[in-house]
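In the UniProt record's numbering, the protein residues as written are 1 to 274. Structure, as structure tokens:
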Ligand SMILES: [Zn+2]
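This is the structure in structure tokens:
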């Protein structure tokens, strides 16, 4: 009887101790990010370029769940981020335009149909701009990808549709003629479908080299995006712009917060980029 009581008292104390340790951990909320996004006097404002692929419930790493995507957009909205277009980014890097405070460029690669069905309504809800790099040869042909009608509708409502080449081949494996075709044909196809110039592209699988970057310039693009991790500023190579990839993980939203919070810190200490 007495031993049982003592055990219960010990158990109570242990539980109390555990609660004292756990409660602060559970209630601690993420700190606002605004302080990390202040202008860097040397290289201008740092711009975060987020890179998504699919927004659906398929539980692969390329897919961010729609409810997670919504939480991330709400976070950006609540914390004073302002979405921008590739033109706004380009103009500011060229010293021609002012960016809003805490600028973020939201990008999607490949042109999946779920960008239209799942991401677009959420982007609209928050009044957010975004950019989709589409594989022009897949649109309207493969049912996993959006149609040109869907692309046009988004393009007319704040979503810039840009090039991700014709066939999504790894560019380092192509001859110059093949490279030129991937770059020029995709741009022309998108321009014909959308009815305006298409001047930005993202490298399929992120692979590029200086020769490919030069060909991108010759093919008439103003800038190109990689999957090199980091934020964009005036020190960035305009044909190799950094992005911050967002994936589905064990804890997608915690990782989202860590990624957007720590990228500027990594850069400040010179852990990534020049
Ligand atoms: Zn891709």
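For glycine and all other residues, C-beta sits at the position ideal for the given N, C-alpha and C. Keep in mind the model is a prediction, meaning the values are calculated, not measured.
- In the three-state DSSP reduction, residue 214 falls in the helix class (H, G or I).
- Scanning the stretch 97–160 for uninterrupted alpha helix (DSSP H) segments of 4 residues or longer gives 120–125 and 148–155, listed from N- to C-terminal end.
- Counting along the chain, residue 190 sits inside no beta strand (DSSP E); it lies in the alpha helix (DSSP H) bounded by residues 176–194.
- Residue 262 sits exposed, since fewer than 16 C-beta atoms from the chains shown fall within 10 Å of its C-beta.
- Separation of residue 165 and residue 224 (C-alpha to C-alpha, rounded to the nearest whole angstrom) is 11 angstroms.
- Shortest Cα-Cα distance from residue 50 to any of 98, 118, 227 and 14 involves 227.
- Distance from the CA atom of residue 122 to the CA atom of residue 237, rounded to whole angstroms, is 31 angstroms.
- Residue 151 is a Cβ neighbour of residue 193, given a cutoff of 8 angstroms.
- Look at the beta carbons and you see the stretch 53–71 not touching the stretch 203–220: under three pairs across the two are nearer than 8 angstroms.
- Assigned with DSSP and collapsed to three states, residue 165 falls in coil, not helix or strand.
- In this model, residue 176 and residue 254 are separated by some 42 angstroms (Cα to Cα).
- Counting C-beta pairs with one atom in each stretch, the stretch 159–174 and the stretch 185–200 have three or more that are closer than 8 angstroms, which means they touch.
- Relative to the Cα of residue 250, the nearest Cα in the group 139, 82, 114 and 68 belongs to 68.
- Judged by the Cβ position, residue 109 qualifies as a neighbour of ligand 1 at the 7 angstroms threshold, a heavy atom of the ligand being closer than this.
- Proximity of the stretch 104–112 to the stretch 125–137 meets the contact definition, three or more beta-carbon pairs being nearer than 8 angstroms.
- Taking 8 angstroms as the cut-off, the beta carbon of residue 231 is found closer than this to the beta carbon of residue 47.
- Residue 245 and residue 52 have their C-alpha atoms spaced approximately 6 angstroms apart.
- Our two residues, residue 229 and residue 242, have alpha carbons roughly 6 angstroms apart in a direct line.
- Taking a cut-off of 8 angstroms for Cβ pairs, the stretch 142–150 and the stretch 113–121 touch, as three or more such pairs fall below it.
- Checking the 7 angstroms criterion, the Cβ of residue 164 is within range of a heavy atom belonging to ligand 1.
- Residue range 66–78 is occupied by the alpha helix (DSSP H) that includes residue 71.
- Between residue 74 and residue 82, the alpha-carbon positions lie close to 12 angstroms from each other.
- Each of 128, 171, 248 and 153 was checked against the Cα of residue 202, and the nearest Cα belongs to 171.
- Around the CB of residue 233, 16 or more other CB atoms lie within 10 Å, so the residue is classed as buried.
- Between the C-alpha atoms of residue 85 and residue 12 there is a straight-line separation of about 57 angstroms.
- Annotated as proximal: residue 43 and residue 235, with beta-carbon spacing under 8 angstroms.
- When DSSP states are grouped into helix, strand and coil, residue 58 belongs to the coil group.
- About 6 angstroms separates the Cβ atoms of residue 120 and residue 154, confirming a contact at the 8 angstroms cut-off.
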